[in-house]
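Student: Would you mind keeping the following structure in view while I ask a few things?
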Amino acid sequence: MIGTIRPWQSRFLMRIVHVYFAIARGMTMGVRAACFDSAGRIFLVRHSYVPGWHMPGGGLERNETAEEALIKELREEGNLRILGRPQLFHIYFNTAASRRDHVLFYKTQVEQTAPRPADREIVECGFFAIDDLPSGTTDATRRRLAELAGEREPAHVW
Numbered sequence: 002m003i004g005t006i007r008p009w010q011s012r013f014l015m016r017i018v019h020v021y022f023a024i025a026r027g028m029t030m031g032v033r034a035a036c037f038d039s040a041g042r043i044f045l046v047r048h049s050y051v052p053g054w055h056m057p058g059g060g061l062e063r064n065e066t067a068e069e070a071l072i073k074e075l076r077e078e079g080n081l082r083i084l085g086r087p088q089l090f091h092i093y094f095n096t097a098a099s100r101r102d103h104v105l106f107y108k109t110q111v112e113q114t115a116p117r118p119a120d121r122e123i124v125e126c127g128f129f130a131i132d133d134l135p136s137g138t139t140d141a142t143r144r145r146l147a148e149l150a151g152e153r154e155p156a157h158v159w
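Those letters in the sequence shown? Residues 2 to 159, by this note's numbering.
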């Protein structure tokens with residue numbers, strides 16, 4: 002398997018990244034999106050540095066708007082192109098990352114412009130039927146999908 006690491010290594014690496022951002026930035030903000038294709042399937046990614054299947058996304062850089070970050074992250078993580086305008090669904094406080102991280106969560110229609118080969122960051126990705134998500138889909142991903150479907154109220158914490 003390309004780039005698989007142990008859970009303790011993942012936690013250690015993420016802690017280092019967040020300590021760096023705590024020094025470099027006062028608050029961190031990221032974007033994540035529920036990306037649906039024309040068949041109604043959701044796009045998920047599996048990273049090399051954190052366990053589970055997630056919706057694509059990433060952090061905002063200096064001088065970058067949330068929409069620019071979203072476009073960039075979807076292109077990088079899945080060769081995805083947004084169709085129409087992404088819809089901001091909710092803003093979450095991400096206490097799993099740090100006590101100053103927020104996630105802007107979008108819903109959007111996408112098309113994949115080319116298959117996304119595995120690399121050091123993304124070891125797998127693909128579109129999945131909502132009722133047939135891959136084993137290892139994170140609890141947070143499942144909660145966000147339930148919120149989008151109206152099966153539960155949106156939480157305030159990721």
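The beta-carbon is built from N, C-alpha and C at its ideal position, and this holds for glycine as well.
Going by DSSP, name the residue or residues bridged to Q10.
Tutor: Answer is none; Q10 lacks a bridge partner.
Student: Look at the Cβ atom of V158, then the Cβ atom of H48, and state whether they are nearer than 8 Å.
Tutor: Against a cut-off of 8 Å, the Cβ pair of H48 and V158 comes out as no contact.
Student: List, from N- to C-terminal side, the alpha helix (DSSP H) runs of 4 residues or more that fit wholly inside the stretch 97-149.
Tutor: Counting whole runs of 4 or more residues, the stretch 97-149 contains the alpha helix (DSSP H) stretches 140-149.
Student: For T29 and A156, I'd like the C-alpha separation in whole angstroms.
Tutor: Approximately 19 Å, taken between the alpha carbons.
Student: Quick check: the stretch 99-112 against the stretch 131-138, are at least 3 beta-carbon pairs closer than 8 Å?
Tutor: Because the criterion of three Cβ pairs below 8 Å is not met, the stretch 131-138 and the stretch 99-112 do not touch.
Student: Would you list the one or two residues that DSSP bridges to M30?
Tutor: Per DSSP, H103.
Student: Where does A156 sit, in a helix, a strand or coil, going by DSSP?
Tutor: Coil at A156, not helix or strand.
Student: Is V20 buried or exposed, if buried means 16 or more other CB atoms sit within 10 Å of its CB?
Tutor: Exposed, since its Cβ has fewer than 16 Cβ neighbours within 10 Å.
Student: Hey, how far is the Cα of R33 from the Cα of G58?
Tutor: If I take the Cα positions, the gap works out to 4 Å.
Student: For the candidate residues E152, R121, R16, R7, whose alpha-carbon lies nearest to that of T96?
Tutor: Cα-wise, what sits closest to T96 is R16.
Student: List the endpoints of the continuous beta strand (DSSP E) containing R82.
Tutor: Note, R82: beta strand (DSSP E), 81-94.
Student: In three-state DSSP terms, what is V51?
Tutor: Of the three classes helix, strand and coil, the one that applies to V51 here is coil, per DSSP.
Student: According to DSSP, is L61 part of a helix, a strand, or is it coil?
Tutor: L61 falls in the coil class under three-state DSSP.
Student: What does the alpha-carbon distance come out to for the pair A35 and N64?
Tutor: Roughly 24 Å between the two C-alpha positions.
Student: From the DSSP output, which residues share a beta bridge with V46?
Tutor: In DSSP, V46 forms a bridge with H55, C126.
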